[in-house]
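Going by my numbering, 134 is the number at position 15 of the sequence shown; the sequence numbering is gapless. Presented below is the structure to which this report refers.
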Amino acid sequence: MKKKNKRGVFDIEARRGSQEYEILLSYPNLDVINVKKD
């Protein structure tokens, strides 16, 4: 778990087929903060 703006966030790396994603989820409610497609 990392810290962003003094809040905990999960930095998730995911792959779907040949596409890669980087997803930031807030802690503790797991709201999606950002989805980056690579």
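The C-beta atom is built at its ideal place from N, Cα and C for all residues, glycine as well. What you are looking at is a predicted structure, and each value in this text was computed from that prediction instead of being measured.
Per DSSP, what are the beta-bridge partners of residue i in this structure?
| i | result |
| --- | --- |
| I131 | I142 |
| K155 | E141 |
For the beta strand (DSSP E) containing residue i, list its first residue and its last residue.
| i | result |
| --- | --- |
| K121 | K121 to K123 |
With a CB to CB cut of under 8 Å and the five nearest residues on each side skipped, what residues in its chain are close to residue i?
| i | result |
| --- | --- |
| Y146 | M120, R126, G127, V128 and F129 |
| D157 | Q138, E139, Y140 and E141 |
Can you find the residues in the same chain that come closer than 6 Å, C-beta to C-beta, to residue i, ignoring five residues on each side of it along the sequence?
| i | result |
| --- | --- |
| N153 | L143 |
| K155 | E141 |
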